[in-house]
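Below: the structure, in structure tokens.
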Amino acid sequence: GCNPLAETGRSKLQNQRAVLNQQILRAVRMRAGAENLLRATTNSKVREQVLLELSFVNSDLQILKEELEGLNISVEVYQNTEETFSIPLVPLGLKETKEVDFTLPLKDFILEHYSEDSSEYEDEIADLMDLRQACRTPSRDEAGIEMLISYFLQLGYVENRFFPPTRHMGVLFTWYDSFTGVPVCQQNLLLEKASILFNIGALYTQIGTRCNRQTQAGLENAVDAFQRAAGVLSYLKETFTHTPSYDMSPAMLSVLVKMMLAQAQECVFEQIGLAGIRNEFFTLMKMTQEVAKVGEVYTLVNTAMNQEPVKENIPYSWSKLAQIKSDHYKALAHYFVATILCDHELQSGDDEDEQEKALSQLYDYMPEGLMALAVLKDKAQRKQLGKAHLRKAIVYHEEALRVCGLCKKLRNIDVLQEVLTAAHKRSLLKYAQQETEDDFLSLMQAPDILPKTEHKIEAIAPQFSKVKVKDFFHRLGPLTVFSAKQRWTAPRTVHIHHEAGELGFSLKGGSPVQIYCLDPACSAASMGLKEGDYIVSVGGMDCKWLGVNEVLEKFNSTGEQPIEIEVISCQDTAASMHSKSATYSVGMQKTYSLICLAMDEDKVDQTKKAPLKLPFLSWGTKNRQKAASTLCLPSAVAGSSRTKKKLSPFTLLNTESSLY
Numbered sequence: 001g002c003n004p005l006a007e008t009g010r011s012k013l014q015n016q017r018a019v020l021n022q023q024i025l026r027a028v029r030m031r032a033g034a035e036n037l038l039r040a041t042t043n044s045k046v047r048e049q050v051l052l053e054l055s056f057v058n059s060d061l062q063i064l065k066e067e068l069e070g071l072n073i074s075v076e077v078y079q080n081t082e083e084t085f086s087i088p089l090v091p092l093g094l095k096e097t098k099e100v101d102f103t104l105p106l107k108d109f110i111l112e113h114y115s116e117d118s119s120e121y122e123d124e125i126a127d128l129m130d131l132r133q134a135c136r137t138p139s140r141d142e143a144g145i146e147m148l149i150s151y152f153l154q155l156g157y158v159e160n161r162f163f164p165p166t167r168h169m170g171v172l173f174t175w176y177d178s179f180t181g182v183p184v185c186q187q188n189l190l191l192e193k194a195s196i197l198f199n200i201g202a203l204y205t206q207i208g209t210r211c212n213r214q215t216q217a218g219l220e221n222a223v224d225a226f227q228r229a230a231g232v233l234s235y236l237k238e239t240f241t242h243t244p245s246y247d248m249s250p251a252m253l254s255v256l257v258k259m260m261l262a263q264a265q266e267c268v269f270e271q272i273g274l275a276g277i278r279n280e281f282f283t284l285m286k287m288t289q290e291v292a293k294v295g296e297v298y299t300l301v302n303t304a305m306n307q308e309p310v311k312e313n314i315p316y317s318w319s320k321l322a323q324i325k326s327d328h329y330k331a332l333a334h335y336f337v338a339t340i341l342c343d344h345e346l347q348s349g350d351d352e353d354e355q356e357k358a359l360s361q362l363y364d365y366m367p368e369g370l371m372a373l374a375v376l377k378d379k380a381q382r383k384q385l386g387k388a389h390l391r392k393a394i395v396y397h398e399e400a401l402r403v404c405g406l407c408k409k410l411r412n413i414d415v416l417q418e419v420l421t422a423a424h425k426r427s428l429l430k431y432a433q434q435e436t437e438d439d440f441l442s443l444m445q446a447p448d449i450l451p452k453t454e455h456k457i458e459a460i461a462p463q464f465s466k467v468k469v470k471d472f473f474h475r476l477g478p479l480t481v482f483s484a485k486q487r488w489t490a491p492r493t494v495h496i497h498h499e500a501g502e503l504g505f506s507l508k509g510g511s512p513v514q515i516y517c518l519d520p521a522c523s524a525a526s527m528g529l530k531e532g533d534y535i536v537s538v539g540g541m542d543c544k545w546l547g548v549n550e551v552l553e554k555f556n557s558t559g560e561q562p563i564e565i566e567v568i569s570c571q572d573t574a575a576s577m578h579s580k581s582a583t584y585s586v587g588m589q590k591t592y593s594l595i596c597l598a599m600d601e602d603k604v605d606q607t608k609k610a611p612l613k614l615p616f617l618s619w620g621t622k623n624r625q626k627a628a629s630t631l632c633l634p635s636a637v638a639g640s641s642r643t644k645k646k647l648s649p650f651t652l653l654n655t656e657s658s659l660y
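Numbering (UniProt numbering), first residue to last: 1 to 660.
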């Protein structure tokens, strides 16, 4: 990751965001305490004092939220450093998180569940924590994206190896809402995965805004980045449907996806007009419908931003910027049509049919009393309709400037004011050139322009498979067998003796190999070997990842000498229970959200004992170091081994079988 102490504009914004998050957390705690006191007391003087305190706290919270909104609209920091005359694009800020210490929980679980020396896995745990720490400050390029994706994929391995579905591991994940600053705390790894996905999408938006929009390659990269951002956010919405924070709710993610696709469409229009817009009939027709498409998508974004419940949490300046862009690009569309009608007359060598077809396809309907071919041939009608479009363009320009002036955050963005003012003056100048004394008799209304684009913008789904990662805890064994869902006996040592060249059992499976067709009368069976046992060690050498042929070679290499093997037996477990999660859609019954200090106790069956839960304030590094392990060693459970299930998204290894 980047140097967290680097004095860059983006790092300063993220540091300010972290400070604001802490201040918001403190204010939320004070408000929660005041509300509890208000409910508990009956003394009128105390109630009056508490109500006064609540009013101050709520005012403070509102000010802090406005400051956070100011960070979200600080778009100039994320733009390309080159001089540009374009409306700024909006990036997403990265979600902030607290540090997490995996050491004690994972070491205890390795000792308890896998019956291995946990001290041998300290380097792997340190690598995992270093990777998480680096993901808090990713670089704003493809390397940063790859690092976040690698951590997301690594979490898939960690979840399957260390997070059983029937209990919590005692690791508390805290992530701050990107828009409200309110923290969300959970002991579920799925909150971590969802937040990392959000940051992947946010980083793509920052890459897109940083691209140089004065070059063809820069605009292509910007379009690609916004499409990928939309794909990641869409994947997050479809996969994690019960998120506890507002910024990852399905409604908010839908709006963000629309906004990213709209910005991609805006970059496509800039890409088409980058080389200059020729004052030619069909070129202007194409540009008219392209820019009308940009105006249409921003209208949809603005409408979505003003719907409940998104309206309460999305930055006010974002919705106003979407409205400004909608009006601005609609005005440009009407200006282009006016230029076509005022500057181009039908010549004898022109293709009348093609021009008539192009003009008729520009509108849903022609103004009353006008026909497309007649407008092209009649100079007066062309001028009359062109001036109607200019009037509508000026109205849209004035509305965009008015909305920009009403929003304090947008009013301070100089380049936005310059672009809007220049476009407005250009339309006024064009109208002044066409103005005559009989204008007051013209009552024609310009019809709406039909949007159309030759460049369809769609979200690009995330391609996680392109990033290759190796499981940090590879030495624990194949994930299809050695996972948190499976329970095993401690390794047992069995001495194998050759009896007339026979061992009394066969081997089957992939990695690790399994005992098959065990002869109950053989010496191995009398020493405790069971049907279905997995061989994890042969002659002191780990063989969890060896197939049947490799294990047979080890047996053959000993000749007639006795050989020592270690085996484990699968234990039957109770039916799998889905843990309460506020982030994953599969098997969800309820949401489990710990916001600030409001950590609700799990509702546990009366027939089962409730697991011991640490309070929010006691889960710190000092307490973890002092606390003794409360984990229990696995107990033997009678019964046959259960059928193994596939662990998505990891693929199973091919199995092979052989008779010894």
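From the three backbone atoms N, C-alpha and C, an ideal C-beta is built for every residue, glycine too.
Distances from the alpha-carbon of GLU146 to those of PHE473, VAL257, LEU131 and ILE460 put LEU131 closest.
Look at GLY33 here: in three-state DSSP terms it is helix. ILE449 is a Cβ neighbour of THR288, given a cutoff of 9 Å. Distance from the CA of GLU345 to the CA of VAL90, rounded to the nearest whole angstrom, comes to 41 Å. Per the C-alpha coordinates, the member of VAL375, LEU64 and THR205 positioned closest to VAL19 is LEU64.
Contact between the stretch 505 to 512 and the stretch 532 to 549 is present: three or more C-beta pairs spanning the two stretches fall below 8 Å. Cα atoms of TYR534 and PRO315: separation of roughly 57 Å, rounded to the nearest angstrom.
The beta-carbon separation of PHE226 and MET248, rounded to 19 Å, does not stay under the 8 Å limit for a contact. With respect to ARG161, GLN206 sits apart: the two C-beta atoms are not nearer than 9 Å. Fewer than three beta-carbon pairs drawn from the stretch 33 to 52 and the stretch 191 to 201 are found closer than 8 Å, and the two stretches are therefore not classed as touching. Around ALA27, the same chain offers VAL57, ASP60, LEU61 and LEU64 as residues with beta carbons nearer than 8 Å, after the five sequence neighbours per side are excluded. With fewer than 16 other Cβ atoms inside 10 Å of its own Cβ, GLY528 counts as exposed.
Among the bridge pairs identified by DSSP, GLY540 is matched with none. Look at CYS185 here: in three-state DSSP terms it is strand.
Spatial neighbours of PHE109 in its own chain (CB-CB distance under 6 Å, excluding positions within 5 residues in sequence) are listed in chain order as PHE162. In this structure, the beta-carbon distance from PRO491 to VAL551 does not fall below 9 Å.
When secondary structure is reduced to three states using DSSP, GLY547 falls in the coil class, being assigned neither helix nor strand. For ILE515, the enclosing beta strand (DSSP E) stretches over residues 514 to 516. If you draw a straight line from the Cα of SER465 to the Cα of PHE152, it comes to about 12 Å. Bridge pairing for GLN571: ARG487 [DSSP]. Counting C-beta atoms within 10 angstroms of its own C-beta, CYS517 has fewer than 16 neighbours from the protein chains shown and is therefore classed as exposed. Counting along the chain, the unbroken alpha helix (DSSP H) around HIS113 starts and ends at 103 to 113. DSSP places LYS95 outside both helix and strand once states are collapsed to three, so it counts as coil. DSSP, read as helix, strand or coil, puts TYR363 in strand.
A Cβ-Cβ distance of about 17 Å is found for the pair LYS258 and ALA292, leaving them out of contact under the 8 Å criterion.
Every alpha helix (DSSP H) of 4 residues or more that sits fully in the stretch 368 to 406 is shown, in chain order, as 372 to 377 and 379 to 406. ILE200 is not bridged by DSSP to any residue.
Comparing alpha-carbon positions, the option among VAL538, ALA393 and SER178 lying closest to GLY93 turns out to be SER178.
Going by DSSP, ILE496 is part of the beta strand (DSSP E) stretching over 492 to 496. Contact check for ALA358 against LEU300 fails: the beta carbons are separated by 9 Å or more. In this structure the stretch 406 to 416 lies against the stretch 316 to 326, because at least three pairs of beta carbons, one per stretch, are closer than 8 Å.
Around the beta carbon of VAL182, a 10 Å sphere encloses 16 or more other beta carbons of the protein chains shown; the residue is thus reported as buried. Of the residues GLN265, HIS397 and HIS334, the one whose Cα lies closest to the Cα of ASN221 is GLN265.
DSSP lists HIS495 as the bridge partner or partners of GLU564. Secondary structure at THR241: coil, using DSSP grouped into helix, strand and coil. Here THR174 is bridged, per DSSP, to CYS185.
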